[in-house]
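For reference, the structure discussed in these notes is given below.
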Amino acid sequence: MSAVFTSLPGTALRADARTSGSEALHPAAGEPPVKAEVEFELAPCTATPVERALPWPRRLLDNAPLRRAAILAALALVWELLARWTDNDLLLPTFAATARAFAAGFVSGELLEKAAISLSLLLQGYVLGIAAAFALTALAASTRLGRDLLSTLTAMFNPLPAIALLPLALLWFGLGAQSLLFVLVHAVLWPLALATHAGFQNVPEVLRMAGRNYGLTGLRLVVHILIPSALPAILSGLRIAWAFAWRTLIAAELVFGATSGQGGLGWYIFQNRNELYTDRVFAGLACVIVIGLAIENLVFATLERITVRRWGVQR
């Protein structure tokens, strides 16, 4: 590496009365420079390394999956110690006993069958709720009547627990999947509609004006401008709606299990509670938790990573 330093002597800047300043600063072509250029060789900077490896404790702390695994291991240890201290398998089985019951239910296929039933109903209700929520919020974003309708309906039905509508659903639709779908749509519709509408309201007016300049109005404005801009709020609403729907489904299946003797994971938990198999009850609850973690980390986290984080909208 080398650097070139050119000195500007002060004598060249002093012009006499017969020489102008521009002639002193810019000598005529062919004349030698006042002072020759000098090159200095600079030694490469190798005193400090360009890249330094972090110590292993810091690398472990920066590993998010490892941190979460450590939290789960700590919770399992606390559970095991508390169960051994109470020493009552009927009230609180140990973590090891629950793990054996979970593995047995998984190997026999019973847990997988119940989980498939629950997830099938959940997916149907979730999709129907998403469609209804986007239709309602698109109407609210396009017309004044739609905004009034959305604000009135959400104020009425959002505070109403979905499980409270189950007796009415049983009266209207009887014992079957239709009653479960009714309460699931109610659990998904209102939180998602509120989150989506809030995201639409936070879209900058500049983007709305840009869309109108391109001739976008009504549903086209919603699809091309509002939804991409409000996607962080929409993803948050999808997360909340999924949690509400999952909890509502398990609670509703407990009632369906007590009345009709069939259902998914909720019925599995209820049946084993009646037979005093507490380890299987905890295994069913663990299956509910595992499915929740899988949906959060495999579906929502991936969707967030390939959209809003990739676009730089969300950290």
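Using this note's numbering, read the sequence shown as starting at 142 and increasing by one per residue.
All residues carry an ideal CB built from backbone N, CA and C; glycine is no exception.
As the structure is a prediction and not an experimental result, all values here were calculated from the model.
Could you check the C-alpha separation between residue i and residue j for me, to the nearest Å?
i      : j      : result
TRP408 : GLU394 : 6 Å
ARG365 : MET350 : Per the sequence shown, the amino acid found at residue 365 is His instead of Arg. Their Cα atoms are separated by approximately 13 Å.
ASP420 : ASP228 : 14 Å
SER163 : ALA194 : Low local confidence applies: a pLDDT of 48 at SER163 is under 50, so the model's placement there is unreliable, and no value is given.
PHE298 : PHE397 : 23 Å
LEU183 : ARG209 : 49 Å
GLY246 : LEU325 : 27 Å
ASN413 : ALA392 : 15 Å
VAL219 : ALA237 : 12 Å
ILE404 : ALA272 : Correcting the residue identity first, residue 404 is Gly in this sequence and not Ile. Looking at the two C-alpha atoms, the distance is approximately 25 Å.
So, under 8 Å CB-CB, residue i and residue j are touching, yes? Tell me the CB distance rounded to an integer number of Å.
i      : j      : result
THR235 : ALA217 : That pair is no contact at about 10 Å.
GLU437 : LEU376 : GLU437 to LEU376, Cβ: 12 Å. No contact.
For residue i, which three-state DSSP category applies?
i      : result
ASN438 : helix
GLU182 : strand
VAL429 : helix
GLY359 : coil
LEU395 : helix
ALA371 : coil
ASP289 : helix
THR239 : helix
Check for me: the alpha helix (DSSP H) holding residue i runs from which residue to which?
i      : result
PRO308 : 307-314
LEU321 : 318-342
LEU260 : 251-283
GLU346 : 346-354
ILE212 : 205-227
GLY407 : 406-415
VAL449 : 449-452
For residue i versus residue j, is the C-beta spacing smaller than 7 Å?
i      : j      : result
GLY378 : ALA328 : no
PHE423 : THR239 : yes
LEU309 : SER320 : no
ALA281 : LEU291 : yes
LEU367 : VAL347 : no
LEU406 : GLY425 : yes
LEU360 : SER259 : no
LEU372 : THR284 : no
LEU107 : GLY266 : Lying before the first or after the last residue shown, residue 107 is absent from the chain, which here runs from 142 to 456.
ALA274 : LEU333 : yes
ALA386 : LEU269 : no
ALA374 : GLY340 : yes
LEU207 : CYS428 : no
PHE441 : ARG380 : yes
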